[in-house]
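**Student:**
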Amino acid sequence: MVEKARTARSLAREAVHASILAAARARLTEEGPAQLSLRAVARDVGLVSSAVYRYFPSRDDLLTALLVLDYDELGAAVEAAEAPVDRSDHVGRWVAACRAVRQWAIGHPGDFALLYGSPVPGYVAPQDTVEPASRTTHVLVRVVTDAWSGVAGSELAPDWRLGAGPAIGSRPAAPGAVADAVASTRARGFHDDPSPEVVLRTLIAWTTVFGVLSFELFGHAVGSVTDPAAYFDEVIVRLAHDLGLAAPG
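Below is the structure:
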């Protein structure tokens, strides 16, 4: 009986915890992350403020829980979309992952704003959010490093060709410009000796994908982009060629 009672209390607590997060996510879409209020969320779930504080002692604790939830959900969606694609089809893997990012973002605009929009005044994300935040990035980086595995950095500069795209030209990446990203790529086991040029272009592609989505979701592409889905596909395929994921023509 005691075990059953504990289980019932645990399930009830989990249900309330989930309802608070769901109400908070709804408010992200309606009002934006900066306006998130524990009192307002408490009203939405039919609780007094003091009851919500037992689950989330502060607004910052609620924001952190939402960040971890959203990053993990996005990461899981991207991983699930990319995993079934043939490992040798680097363009297909890249496109599948990027499309999954857009699909999730379109379905969760308020959550996307929390993750990639303007910082919430007064809030600093703790270390707990780093690993969940890295899941999507890891998929994209893995696609690129898989494509370039076995290619020495000296073979890439200064006139390497990227798939069917144009030659880079005579200006290879300055190693210092992306030193942190190079170190992170090496430390996480993606590549023992990553080329600064590959890392630079991966970083450009990654920020471009999320920049295009930000323009779409926040209304900045209105009047320029007629078909957002088609435009997004054009961008990510061109990025794939720029990254060298396509076989040379």
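Quick note, the sequence shown lines up with residues 11 to 259 if you use the numbering used here. Just so it is clear, CB atoms sit at the ideal spot from N, CA and C, and this is done for glycine as well.
Determine the burial state of E207: buried for a count of at least 16 other Cβ atoms within 10 Å of its Cβ, exposed for fewer.
**Tutor:** Here residue 207 corresponds to residue number 197 of the sequence shown, with the count starting at 1. E207 should be labelled buried.
**Student:** Indicate whether A34 and L76 have their beta-carbon atoms separated by less than 8 Å.
**Tutor:** Walking along the sequence shown from the start, residue 34 turns up at place 24. Walking along the sequence shown from the start, residue 76 turns up at place 66. Yes, the pair counts as a contact, with Cβ atoms nearer than the cut-off.
**Student:** Quick check on S47: does DSSP put it in helix, strand or coil?
**Tutor:** Residue mapping note: residue 47 aligns to position 37 of the sequence shown, counting from 1. Residue state, collapsed to three classes: coil.
**Student:** Quick one: grab the DSSP three-state call for G120.
**Tutor:** Numbered from 1 along the sequence shown, position 110 holds the residue referred to as residue 120. In the structure shown, G120 sits in a helix (DSSP, three-state: H, G or I).
**Student:** Go through its chain and collect everything with a Cβ distance to P204's Cβ below 8 Å, but skip five positions before and after it.
**Tutor:** Here residue 204 corresponds to residue number 194 of the sequence shown, with the count starting at 1. Within the same chain, P204 has close Cβ partners T155, G163, V192, T195, R196.
**Student:** DSSP on S194, reduced to helix/strand/coil?
**Tutor:** By one-based count along the sequence shown, residue 194 stands at place 184. DSSP places S194 in helix when its eight states are reduced to three.
**Student:** What did DSSP end up calling T17 once you bin it into helix, strand or coil?
**Tutor:** The residue given as residue 17 occupies position 7 in the sequence shown. DSSP places T17 in helix when its eight states are reduced to three.
**Student:** Below 8 Å between beta carbons: does that hold for L223 and D121?
**Tutor:** Position 213 of the sequence shown holds residue 223. Position 111 of the sequence shown holds residue 121. No. Outside cutoff.
**Student:** Is the stretch 51-63 close to the stretch 79-86, with three or more CB pairs under 8 Å?
**Tutor:** Too few Cβ pairs lie closer than 8 Å, so no.
**Student:** Roughly how many whole angstroms lie between the Cα atoms of H100 and T139?
**Tutor:** Locating residue 100 in the sequence shown gives position 90, counting from the first residue. Locating residue 139 in the sequence shown gives position 129, counting from the first residue. Distance between the alpha carbons of H100 and T139 is about 28 Å.
**Student:** Excluding the five sequence neighbours on either side, which residues of its own chain have a C-beta within less than 7 Å of the C-beta of V62, listed in chain order?
**Tutor:** As a working mapping, residue 62 is identified with position 52 in the sequence shown. The answer, listed in chain order, is I30, L48, V51, A52.
**Student:** Starting from R330 and walking both ways along the alpha helix (DSSP H), at which residues does that stretch end?
**Tutor:** This structure cannot settle anything about residue 330, because the visible part of the chain is limited to 11 through 259.
**Student:** Is H201 helix, strand or coil when you go by DSSP?
**Tutor:** Stepping through the sequence shown from its first residue, residue 201 is reached at position 191. Three-state DSSP puts H201 in coil, outside helix and strand.
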